[in-house]
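Asker: Residue numbers (this note's numbering), protein chains in the order written: chain A, 1123 to 1235; chain B, 1123 to 1235.
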DNA sequence: ATCATACGCAACCGCCTAGTTGCGTGTCGA
DNA sequence: TCGACACGCAACTAGGCGGTTGCGTATGAT
């Protein structure tokens, strides 16, 4: 039976770690809702500093979840949901493994009964 | 247009926070692979203490990702992947919002050009 | 009865990190 | 040219968290 390990410690870690923080998750939501946004723009509606938002956006960019594009004196961020697929695969794999185990258990019970 | 907010700060936060730690993620993998496992059992193959594993399993249980069942002197944990669906929905929603924005942008460009 | 096993609880430590403040720099508009 | 805006970088702080150690307790085996 194949193991559950899908990525073995690659990019999925960074994605989940980035999404682990509620603030960063809501940031992703905000950017996704606006299509694109800047740090100061987002900080206006948040109870935190611009620098805080910028740092979080930097973390999200490191995880590949957002993309920064500087034009003139402002840097706009937009969502790049591609890395989410890796996370999705991981979850699906775990669920599948669980289902498989469950099916095996059912088979075992059916045989023994 | 509907916002991106799917859960508004409910259980999804806990799920992502729980899955944010690589150690906990590999724990979920290990439990899923074995079908069920105890803390000491898992700690045997890991470079950490039993208490560490137990604490992590507790966190996972709080997030609803595993379920503890004590029988006799041992408490076995099994994966309950139901909360994963919420996380899945969140990701899908974000991706959808992004796509929607992209489509709107394309429409806008098509209209203006 | 006695010993070993498996667990839970609590205190403690070290690290990481989110957030703030302060400052310097480049860019747009008047 | 000069002020305002947007940003980046660096130093600092406070809190959270993963991990360990130590201990008490209940269960199973001999």
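Using N, Cα and C, we set each Cβ at its ideal position, and we do this for glycine too.
The model shown is predicted, which means the values in this text are computed figures rather than measured ones.
If you count every other CB in all the chains shown that lies within 10 Å of the CB of residue 1225/A, and 16 or more means buried, which is it?
Answerer: With fewer than 16 other Cβ atoms within 10 Å, it is exposed.
Asker: Are residue 1213/A and residue 1209/B close, meaning C-beta to C-beta below 8 Å?
Answerer: Cβ distance < 8 Å, so residue 1213/A and residue 1209/B count as in contact.
Asker: Would DSSP call residue 1195/A helix, strand or coil?
Answerer: Here residue 1195/A sits in coil by DSSP.
Asker: Just curious, the alpha helix (DSSP H) that residue 1144/B is in, first and last residue?
Answerer: Taken as a continuous stretch (DSSP letters only), the alpha helix (DSSP H) holding residue 1144/B covers 1144-1156.
Asker: Compute the distance between the beta-carbons of residue 1161/A and residue 1172/A, then report whether it is under 8 Å.
Answerer: Cβ distance < 8 Å, so residue 1161/A and residue 1172/A count as in contact.
Asker: Since I believe residue 1198/A is in contact with residue 1148/A (beta carbons under 8 Å), could you give me their beta-carbon distance rounded to a whole number of angstroms?
Answerer: The pair is not a contact, with the Cβ atoms about 18 Å apart (cut-off 8 Å).
Asker: Please list the partners that residue 1209/A has in chain B, where partner means a Cβ-to-Cβ separation under 7 Å.
Answerer: Within chain B, the residues near residue 1209/A are 1213.
Asker: Looking at the C-beta of residue 1186/B, does it have a partner C-beta in chain A at a distance below 8 Å?
Answerer: Chain A, which has no Cβ nearer than 8 Å to the Cβ of residue 1186/B, makes this no.
Asker: Check for me: the alpha helix (DSSP H) holding residue 1168/B runs from which residue to which?
Answerer: Unbroken run through residue 1168/B: none, as it is neither H nor E.
Asker: Mark residue 1219/A as exposed unless 16 or more other C-beta atoms lie within 10 angstroms of its C-beta, in which case mark it buried.
Answerer: Classification of residue 1219/A: buried, given that the 10 Å Cβ count is 16 or more.
Asker: Beta carbons nearer than 9 Å to chain B: which residues of the region 1163-1174 of chain A have them?
Answerer: Listed in sequence order: no entries.
Asker: Could you check how far apart the C-beta atoms of residue 1192/A and residue 1183/A are, in whole angstroms? I think they sit under 8 Å.
Answerer: Not quite, the Cβ-Cβ distance comes to about 12 Å (not below 8 Å), so this is no contact.
Asker: How about residue 1217/A and residue 1206/B: do their beta carbons lie closer than 8 Å?
Answerer: Yes, these two residues count as a Cβ contact at 8 Å.
Asker: Can you grab the Cα-Cα spacing for the pair residue 1132/B / residue 1168/B, in whole Å?
Answerer: For residue 1132/B and residue 1168/B, the distance between alpha carbons rounds to 32 Å.
Asker: With 8 Å set as the bound, which would you pick, yes or no: does the beta-carbon of residue 1180/A sit closer than that to a beta-carbon of chain B?
Answerer: It does not: the Cβ of residue 1180/A has no partner Cβ on chain B nearer than 8 Å.
Asker: If you compare alpha carbons, which of 1203/A, 1177/A, 1233/A, 1228/A is closest to residue 1134/A?
Answerer: Residue 1203/A is the option with its Cα nearest to residue 1134/A.
Asker: Is the beta carbon of residue 1185/A sitting closer than 8 Å to the one on residue 1175/A?
Answerer: Not in contact: residue 1185/A and residue 1175/A (Cβ atoms no closer than 8 Å).
Asker: Can residue 1152/A and residue 1142/B be called in contact, C-beta distance under 8 Å?
Answerer: In this structure, residue 1142/B does not lie closer than 8 Å to residue 1152/A by Cβ.
Asker: Quick one: using the 10 Å Cβ neighbour count with 16 as the cut-off for buried, is residue 1136/B buried or exposed?
Answerer: Residue 1136/B is buried by the Cβ-count criterion.
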